[in-house]
Amino acid sequence: MTISLPMCTIDFMDNSLSPEEQAIAERITELKQQLGAKLMILGHHYQRDSIVMHADFIGDSFMLSQQAADSDAEYIVFCGVHFMAESADILTDDHQHVILPNLRAGCSMADMATLPDVESAWSEILAETGLSDPINRISPGELPDDGKSYLIPVTYMNSSADLKDFVGRHGGIVCTSSNATGILNWAFERAGPDGAVLFFPDQHLGRNTGLSMGIDESKMPTWVPKIGSDKALKGAKIILWHGFCSVHKRFTVEQVDNFRNQYPDGLVIVHPECPKETVAVSDANGSTQFIKNFVEALPAGSHVAIGTEINMVARLADAHPDKHIECLDDKICPCSTMYMIHPAYLMDVLEKLVMDEIPNQIVVPKDVQEGSLLALERMLSIKK
Ligand code: SF4
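Numbered by this note's numbering, the letters in the sequence shown go through residues 18 to 401 in order.
This is the structure in structure tokens:
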């Protein structure tokens, strides 16, 4: 399975390291040993093999945020993207340092919701719906008892720290793709029977979760900043921000049909960041951890097509040679920002750490931490 990118060729099924990569891998191993218990390396499922081979924990953003919160390590090197490292910084103590090996590793979906746009949308939606703002009216963990209907903000983990702060200050909560249903139930309880949720930035996760909970699509308008809503806001249950993931929006119904023509008994599993039409014709959908568990449980000889980032699909194929595992999109699209974490950057930050320098530290300002922490801790306290 080989693809060509503008600057390089990547063979996703060839796990052998070049001599240069081998030398880097050996040096990273030495540096890890020198740093010992002071260091914890976290690796997201979408990272390349030559990164995850060094990770102490591999997982989705939910699992990794829990690992960060539970860790005593002085240095937490986060092999993921910027918003994940921010969340780790919020959840860790002041003596701990969170490091992102390449500061340019962002997330295009997270960038689709900015604080000024969300603040402006918040005011407009409150004015148009007549719903109340929960700010200072719902204590953490309590249900409102004043008979009012509220607008509750819910942000996907894939968002900047200042948005999580906004959400925490307005009685809201963070979700991930592995807990979105439980989080929406939490939010609906606080919104009241006639209240609503403002869900951002990913419209697809919000819509797919709402549909799986039996919410009619007519009750889920999409909000586009500076333009407004495509459906009536009054009576809405979930108001969806217009954001999307450029990797997951590539998976289509046509690809599912093509796979099924080839393997009539094959199974299709996709991530809920995919468009609803693709989710509807798939056999299952869920977070990266759900996909991993799903594939592991399949009997030998199964054919399965997976609609998520290619590094994870290739790793699953490698780990299960007794199953036929392929990416749903044969054009194959890695997440370009996850791919910015090159082993050379990881080696470079570890070299500096052994010299007692702290490079590429992610520091969320104190005035943004309070609300963000509230929104993240609400999430971590809820069972899926
Ligand atoms: S896969 Fe999509 S949502 Fe995840 S980091 Fe990449 S662009 Fe962002």
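A virtual CB, placed ideally from N, CA and C, is assigned to each residue, including glycine. Quick caveat: nothing in here was measured; it's all calculated off a predicted structure.
Nearest to Glu290 by C-alpha distance, out of Ala331, Glu43, Ala122, Lys266, is Lys266. Short of 7 Å from the beta carbon of Arg186, and not among the five residues preceding or following it, lie these beta carbons of its own chain, in chain order: Ile152, Gly388.
Between Phe268 and Thr305 a beta carbon distance of about 14 Å is seen, past the 8 Å cut, so the two are scored as non-contacting. With the rule of 3 Cβ pairs closer than 8 Å, the region 75-83 does not count as touching the region 51-58.
According to the DSSP assignment, Ile152 belongs to no alpha helix (DSSP H), since it is labelled neither H nor E.
One thing to note: Ile255 has its Cβ within 8 Å of the Cβ of Ala213. In terms of Cβ geometry, Cys344 and Ile323 form a close pair [threshold 8 Å].
Not one heavy atom of the ligand SF4 sits closer than 7 Å to the Cβ of Cys344.
Taking the Cβ of Glu141 as the reference point, every heavy atom of the ligand SF4 lies at 7 Å or farther away.
With respect to Val171, Ala138 sits apart: the two C-beta atoms are not nearer than 8 Å. Here Ser246 really is in contact with Pro238; their C-beta atoms are around 4 Å apart, less than 8 Å.
The bridge partners DSSP lists for Tyr173 are Cys192. For His320, the uninterrupted beta strand (DSSP E) run begins and ends at 320-324, by DSSP. Secondary-structure assignment with DSSP links Asn302 through a beta bridge to Val287. Under DSSP, the beta-bridge partners assigned to Ala213 are Leu168. Per DSSP, Thr46 is not a residue of any beta strand (DSSP E); the alpha helix (DSSP H) it occupies stretches across 36-52. Neighbourhood of the ligand SF4, defined by CB distance below 7 Å to any of its heavy atoms: Tyr63, Val98, Cys124, Ser125, Met126, Ala127, Asn175, Cys262, Ser263, Val264, His265, Glu290, Glu326, Cys352, Thr354, Met355, in chain order. Within a 10 Å sphere around the beta-carbon of Ile190 sit 16 or more other beta-carbons, which makes this residue buried.
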